[in-house]
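**Student:**
Numbering (UniProt numbering), first residue to last: 1 to 577.
1. According to DSSP, simplified to helix, strand and coil, what is residue 228?
2. So residue 426 packs on residue 438, CB below 8 Å; how close in whole Å?
3. Counting only runs of 3+ residues fully inside the stretch 228-262, write out the beta strand (DSSP E) ranges in chain order.
4. For residue 271, which of helix, strand or coil comes out of DSSP?
5. Residue 188 and residue 162 look like a contact to me (Cβ under 8 Å); what is the Cβ gap, rounded to whole Å?
6. If contacts are defined as beta-carbon pairs under 8 Å, then residue 22 and residue 67 qualify, I think. What distance do you get, rounded to the angstrom?
7. In the DSSP assignment, find the unbroken beta strand (DSSP E) run with residue 285 in it and report its ends.
8. State yes or no: is the C-beta of residue 247 within less than 7 Å of the C-beta of residue 180?
9. Check this for me: beta carbons of residue 199 and residue 205, under 7 Å apart or not?
10. Output the residue ranges of the alpha helix (DSSP H) runs that lie fully inside the stretch 171-201 and measure 4 residues or longer, sorted by chain position.
11. Over what stretch of residues does the alpha helix (DSSP H) that includes residue 55 continue unbroken?
12. What number of angstroms, rounded off, separates the C-alpha of residue 354 from the C-alpha of residue 218?
13. Tell me whether residue 511 is buried or exposed, calling it buried when 16 or more other Cβ atoms sit within 10 Å of its Cβ.
14. Measure the C-alpha to C-alpha separation of residue 264 and residue 84 and round it to an integer number of angstroms.
15. Is the beta carbon of residue 631 less than 7 Å from the beta carbon of residue 505?
16. Roughly how many whole angstroms lie between the Cα atoms of residue 45 and residue 498?
17. Counting pairs of Cβ atoms below 8 Å between the stretch 519-533 and the stretch 444-457, do you hit three or more?
18. Are the beta-carbon atoms of residue 82 and residue 185 separated by less than 7 Å?
19. Do residue 147 and residue 193 have their CB atoms nearer than 7 Å?
20. Can you give me the Cβ contacts of residue 191 inside the same chain, cut-off strictly under 7 Å, excluding the 5 residues immediately before and after it?
21. Roughly how many angstroms separate the alpha carbons of residue 15 and residue 136, rounded to a whole number?
22. Ends of the beta strand (DSSP E) at residue 473?
23. For residue 499, which beta-bridge partners are listed by DSSP?
24. Measuring alpha carbon to alpha carbon, tell me which residue in 160, 346, 268 and 536 is nearest residue 323.
25. Roughly how many angstroms lie between the CA atoms of residue 599 and residue 50, to the nearest whole one?
26. Going by alpha carbons, who is nearest to residue 53 out of 20, 239 and 89?
27. Roughly how far, in whole angstroms, is the beta-carbon of residue 364 from the beta-carbon of residue 421, given that I think they are within contact range, below 8 Å?
28. Give me, in chain order, the residues of the same chain whose beta-carbon lies closer than 7 Å to that of residue 595; leave out the 5 immediate sequence neighbours on both sides.
29. Thinking C-alpha only, which one of 416, 71 and 165 is nearest residue 156?
30. Anyone know if the C-beta pair for residue 282 and residue 201 falls short of 7 Å?
31. Counting only beta-carbon separations shorter than 7 Å, does residue 442 have a partner in chain C?
32. How would you label residue 131, buried or exposed, when you count the other beta carbons within 10 angstroms and need 16 or more for buried?
33. Using only the heavy atoms of the ligand MN, determine whether one of them is closer than 6 Å to the beta carbon of residue 439.
34. Given a threshold of 16 other Cβ atoms within 10 Å of its Cβ, counted over all protein chains shown, does residue 256 qualify as buried or as exposed?
35. Below 7 Å CB to CB, which residues in the same chain sit around residue 545 once its five sequence neighbours on both sides are set aside?
36. So, for residue 128: in the same chain, excluding its five sequence neighbours on each side, which residues have a beta-carbon less than 7 Å away from its beta-carbon?
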């Protein structure tokens, strides 16, 4: 019995040797080869910091291969020697397939072992990557971890890499319940390390970074954020608060770290960690340290050995045995003790992967999910485009062509909800719009006030929030415009309405349909909320905008007058009470 799809092809995100570029291609869908294999339909995958090492050319190869090593999926088909899985089972798909006899430390010499490492090309004997629609998994019984249906993919996806990596880094530092902890880096691994420390009973957790949205996320889970670009080095700030230092310091960044001046300094975090670790404490290293690649890193790195030695610090580092921790983490999630999905700031389709990579690299996303396989009817339609003469040339080679080429469609702009990482861009758009509308006008909004008053997809707290921002991006990933709206109420219909507060499109993208796409996105939000009206204000002398809105179907309300009481007027009314 199997649920194998009828199509022969699938979409996949691939490295093709071009620095800072990923492609989305149509490639043959994998098939079962060995009796121990399983075919998994990937429902959601993720982009990891390790994928950025490929993106930056650190592997030093121009080999073409499918990337990705984190996914959640559904078993579609199993070989006759698979005993513990069946079609329909929901599973975690991790970066390494195991034959059941692999020792955890043996992963360090992957090429010498009977091992397949998804998403890293021939360097790890890859048979494919997980940022795709399907994957063939060797030794399925020992390689896949079964999980229950029901809970959203985002709560399970961190267990395929970043959660066990952060958990292991904490363990390697020698952590014990009650310890004080400092985590360098508030990316996905750093946040998972801090989260692990909190779950496991740390008395105090510092999280060190310079990206405000990441630090806000760290604070939301109970950690104390430290911005190492404000108020001095992190070590100086922490030692001012705790002169004896912390019991455990964990490096979740690696050689690509920046110093307090935001300049690359590969040894910076290691020196900081030694400085803040208390006598007899420990350091865990999860960040990558590897020589070579186009980035030009040297084989050696300086390290504060004398201070490390005199303090008697233990150091633990290396690659992570994901499967060694995964069962305990599955139980934590299944029983409601852990909800690691908070690290995801956004979700993209596979076609949007190039944009997702750019935003992830630029710290505009904390961690992103990629949607997996299409619905069956969509796949069959796609196969009609692909199963044509000419897909194979005279040599018989099966060529990979892009999704856009085969579907014969232009890359569209992308509209999405905003996250906390977008706050600087939102403020920039607001200021640009204000200057254009009324030159010299002071915009009182700040990043902090926007962060505290806007609905953001990655922020869930009890604060009252008002404006709801939508952003639009050009096909090449450039921010192109902003719409902010809020819900109101109409008494005669006893139904909600929606009001557009701000609409701004970057001049170079005007007259290309961007404003219309934003308003259409607003209309969809209004429809989903059951709104009976959309309304907004427009200056009477802005004739171009008025004509544009009327083309959309908006009607001017000549029988209504807009009345306004400003902040001073509100104060006077309160005083007169």
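Glycine is no exception: its CB is placed at the ideal position from the N, C-alpha and C atoms. Because the structure is a prediction, the values reported are computed rather than measured.
**Tutor:** Working from what's here:
1. In the chain shown, the residue the question calls residue 228 occupies position 228. The DSSP-derived three-state label of residue 228 is coil.
2. Residue numbering aside, residue 426 sits at position 426 when the chain shown is read from its first letter. Residue numbering aside, residue 438 sits at position 438 when the chain shown is read from its first letter. The pair is not a contact, with the Cβ atoms about 19 Å apart (cut-off 8 Å).
3. 246-251
4. Taking the first residue of the chain shown as position 1, residue 271 is located at position 271. If DSSP states are grouped into helix, strand and coil, residue 271 belongs with the helices.
5. Counting from one through the chain shown, the residue named residue 188 turns up at place 188. Counting from one through the chain shown, the residue named residue 162 turns up at place 162. Indeed, because the Cβ distance is near 4 Å, the residues count as touching under 8 Å.
6. As a working note, residue 22 is residue 22 in the chain shown. As a working note, residue 67 is residue 67 in the chain shown. Right, their Cβ atoms sit about 7 Å apart.
7. Translated into the one-based positions of the chain shown, residue 285 becomes position 285. It spans 277-285 - the beta strand (DSSP E) in which residue 285 sits, taken as one unbroken run.
8. Position 247 of the chain shown, counting from 1, holds the residue named residue 247. Position 180 of the chain shown, counting from 1, holds the residue named residue 180. Against a cut-off of 7 Å, the Cβ pair of residue 180 and residue 247 comes out as a contact.
9. Taking the first residue of the chain shown as 1, we reach residue 199 at position 199. Taking the first residue of the chain shown as 1, we reach residue 205 at position 205. For residue 199 and residue 205, no; Cβs fall outside 7 Å.
10. 188-199
11. The residue given as residue 55 occupies position 55 in the chain shown. Residue 55 -> alpha helix (DSSP H) spans 49-55.
12. Along the chain shown, read from residue 1 onward, the residue named residue 354 stands at position 354. Along the chain shown, read from residue 1 onward, the residue named residue 218 stands at position 218. When rounded, the distance between both Cα atoms is 27 Å.
13. Along the chain shown, read from residue 1 onward, the residue named residue 511 stands at position 511. Under this definition residue 511 is an exposed residue.
14. Start at 1 with the first residue of the chain shown, and residue 264 comes out as number 264. Start at 1 with the first residue of the chain shown, and residue 84 comes out as number 84. If you take the alpha carbons of residue 264 and residue 84, they lie about 48 Å apart.
15. Residue 631 falls outside the range modelled here, since the chain spans only 1 to 577, and no answer is possible.
16. Translated into the one-based positions of the chain shown, residue 45 becomes position 45. Translated into the one-based positions of the chain shown, residue 498 becomes position 498. So the alpha carbons of these two residues sit roughly 34 Å apart.
17. As far as the Cβ criterion goes, the stretch 519-533 does not touch the stretch 444-457, which means the pair count is below three.
18. Here residue 82 refers to the residue found at position 82 when the chain shown is read from its first residue. Here residue 185 refers to the residue found at position 185 when the chain shown is read from its first residue. No, Cβ-Cβ distance for residue 82 and residue 185 is not below 7 Å.
19. For the purposes of this step, residue 147 is taken as residue 147 along the chain shown, with counting starting at 1. For the purposes of this step, residue 193 is taken as residue 193 along the chain shown, with counting starting at 1. Not in contact: residue 147 and residue 193 (Cβ atoms no closer than 7 Å).
20. The residue given as residue 191 occupies position 191 in the chain shown. Within the same chain, residue 191 has close Cβ partners 217, 218 and 343.
21. Residue mapping note: residue 15 aligns to position 15 of the chain shown, counting from 1. Residue mapping note: residue 136 aligns to position 136 of the chain shown, counting from 1. So the two alpha carbons sit approximately 19 Å from each other.
22. Within the chain shown, numbered from 1, the residue matching residue 473 stands at position 473. Per DSSP, residue 473 belongs to the beta strand (DSSP E) from 468-473.
23. Looking up residue 499 in the chain shown gives position 499. Bridge partners of residue 499: 486 and 535.
24. Along the chain shown, read from residue 1 onward, the residue named residue 323 stands at position 323. Nearest option by C-alpha distance: 160.
25. This structure does not reach residue 599, given that the chain is present from 1 up to 577, and the question cannot be answered.
26. Stepping through the chain shown from its first residue, residue 53 is reached at position 53. The shortest C-alpha separation from residue 53 is found at 20.
27. In the chain shown, the residue the question calls residue 364 occupies position 364. In the chain shown, the residue the question calls residue 421 occupies position 421. Contact holds; Cβ gap of about 5 Å.
28. Not covered by the structure: residue 595. The range shown for the chain is 1 to 577.
29. Counted from its first residue, the chain shown places residue 156 at position 156. Of 416, 71 and 165, the residue nearest in Cα terms is 71.
30. One-based indexing of the chain shown puts residue 282 at position 282. One-based indexing of the chain shown puts residue 201 at position 201. For residue 282 and residue 201, no; Cβs fall outside 7 Å.
31. The question asks about chain C, but that chain is absent: this structure has only one protein chain.
32. Counting from 1 along the chain shown, the entry for residue 131 is found at position 131. Buried, since its Cβ has 16 or more Cβ neighbours within 10 Å.
33. This structure lacks the ligand MN, and indeed carries no ligand of any kind.
34. In the chain shown, counting from the first residue as 1, residue 256 sits at position 256. Buried, by the Cβ-count rule.
35. Counting from one through the chain shown, the residue named residue 545 turns up at place 545. If we look at residue 545 and ignore the five residues flanking it on each side, its Cβ neighbours are 538.
36. Locating residue 128 in the chain shown gives position 128, where the first residue counts as 1. Hits under 7 Å: 30, 66, 118, 135 and 136.
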